[in-house]
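See structure below.
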Ligand code: SF4
Ligand code: SF4
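Following this line, the structure appears as structure tokens:
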């Protein structure tokens, strides 16, 4: 009976998860192509360093260490969850126990990490609930955003407590029956004797309750994540693997502009170019269909930690720009427009990412210093998106702040950003005694 109930629950979980994955895959199809994914060796090294090594998070040592412990704990505990699925389907108990010493190490690490993660989550929750952390504030951090974060943290805490409960009552159960304990439980072994006064049936029932609570929480959590900021639990590692490998300051060229310039510089090529009926692409980014798949991937991976905004010079000096908001807006806009576009490609709701979500003032406040991208623990690159939105403003609408407009017209007329004729360019050196060779 337990196996049938478990199999049905697993099926339902996978069904809902499959629906969500399919929905998100449909959104990805709406986005633009981006850089080709190659250099797998280099990407793998970056992933080991930034994602698994959590190196960027350690720039804030105390809270960074706690976060890293939670991440590493999750990795180990995930292996234990695989065993629970096998046990649930096959009706076994600790099915991977035959792995011997490897099993003992994994179970012991998981047992210790369950306690560490629980403590870390209590610290995280307390910070959010009782302390005024500037990083967690801003116009993009709405009430619903905070509720979402608190619910996810509470779920993780319950996951860890149910895991510890399961281990504790398993050890107590085996001690009472005198059967061999499969695995090593450094924490649960200490706590289990506290419950030895309970009857064997009660301990068995408590073990079953914790087992079911833990696996059901995993199933519910897995299906909640894609709709929560905690989707980064799934997305952050692949996002780091797929991050841009070029130096931060290097802006990508626009392929369509590069092609046009090449054609202009070489008329032979221009005339030789085959006529095409392909619709003219929009320059830059105006709405969600213009963003690249990587921009959307970034938005799904964002942990909303605010490290980017906390180092942004524009934000620090009181400008409206918050790089975290820019990334969160991409996800919000896709959730708003994506379903309509998946149903009907030409869908329009007379809104756009530009202006309805991200204002021109925000975009022009960016100094493209790349501090945000450098600080982001999962290698999200904000400036490339900001610059792409500016490209739309300048190339499609001719819209730019007044100072920039004069720079553009000076470049066009004088070949330089200044208001002087090219003939006057060397006037400054007139009275200097520079010998003409
Ligand atoms: S690149 Fe722009 S958004 Fe990022 S930190 Fe610098 S000013 Fe802020
Ligand atoms: S973009 Fe990066 S640094 Fe900024 S909030 Fe998201 S995860 Fe944190």
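Residue numbers (my numbering): 957 to 1393.
Just so it is clear, CB atoms sit at the ideal spot from N, CA and C, and this is done for glycine as well.
Measuring CA to CA, which of the options is closest to residue i?
i            : options                   : result
residue 1284 : 1268, 1350, 1184 and 1379 : 1184
residue 1257 : 1007, 967 and 994         : 1007
residue 1289 : 1309, 1270, 1277 and 1138 : 1309
residue 1098 : 1382, 1280, 1025 and 1299 : 1280
residue 1188 : 1171, 1105, 1210 and 1266 : 1105
residue 991  : 1294, 1300, 1338 and 1211 : 1211
residue 1266 : 1294, 1330 and 1087       : 1330
residue 1142 : 1068, 1385, 1384 and 1205 : 1068
residue 974  : 960, 1340, 1178 and 1033  : 1178
residue 1346 : 1361, 968 and 1153        : 1361
residue 1095 : 1173, 1384, 1313 and 1018 : 1313
residue 1359 : 1375, 1351, 1348 and 1390 : 1375
residue 1073 : 1110, 1352 and 1041       : 1110
residue 1194 : 1245, 1222, 999 and 1078  : 999
residue 970  : 1039, 1176, 1268 and 1018 : 1176
residue 1208 : 1387, 1180, 1155 and 1337 : 1337
residue 1077 : 1048, 1021 and 1041       : 1021
residue 1351 : 1206, 1147, 1237 and 1087 : 1237
residue 1316 : 1277, 1305, 1306 and 1300 : 1277
residue 1023 : 978, 1311 and 1079        : 1079
Within 10 angstroms of the Cβ of residue i, are there 16 or more other Cβ atoms? Answer buried if so, exposed if not.
i            : result
residue 1149 : exposed
residue 1242 : buried
residue 1302 : exposed
residue 996  : exposed
residue 1058 : exposed
residue 1046 : exposed
residue 1215 : exposed
residue 1296 : exposed
residue 1203 : exposed
residue 922  : An answer regarding residue 922 cannot be provided, because it is not within the stretch 957 to 1393 covered by the chain.
residue 1262 : buried
residue 1103 : exposed
residue 1354 : exposed
residue 1344 : buried
residue 1264 : buried
residue 959  : exposed
residue 1323 : exposed
residue 1250 : buried
residue 1071 : buried
residue 1255 : buried
Please check if any C-beta of chain B sits within less than 8 Å of the C-beta of residue i.
i            : result
residue 1183 : Going by chain labels, chain B is absent from the structure shown, which holds only one protein chain.
So what does residue i bridge to, in DSSP terms?
i            : result
residue 1057 : Residue 1057 is not bridged to any residue.
residue 988  : 1248
residue 1314 : 1310
Starting from the C-beta of residue i, find all residues in its chain whose C-beta is less than 8 Å away, skip the five residues before and the five after it, and write them out in chain order.
i            : result
residue 1005 : 1011
residue 963  : 1044 and 1045
residue 1081 : 1106, 1109, 1110 and 1113
residue 1196 : 1002, 1003, 1006, 1007, 1334 and 1335
residue 982  : 1294 and 1298
Enumerate in chain order the residues of its own chain whose CB-to-CB distance from residue i is below 6 Å, with the five nearest sequence positions on each side excluded.
i            : result
residue 1159 : 1125, 1128 and 1129
residue 1151 : 1128
residue 1035 : 1062
residue 1333 : 1012 and 1013
residue 1174 : 1037
residue 1138 : 1050 and 1053
residue 1341 : 1251
Using a Cβ-Cβ cutoff of less than 7 Å, which residues in the same chain neighbour residue i once the five nearest sequence positions on both sides are dropped?
i            : result
residue 1122 : 1163, 1166, 1167 and 1170
residue 1371 : 1378
residue 1027 : 1010
residue 1357 : 1320
residue 984  : 1249 and 1252
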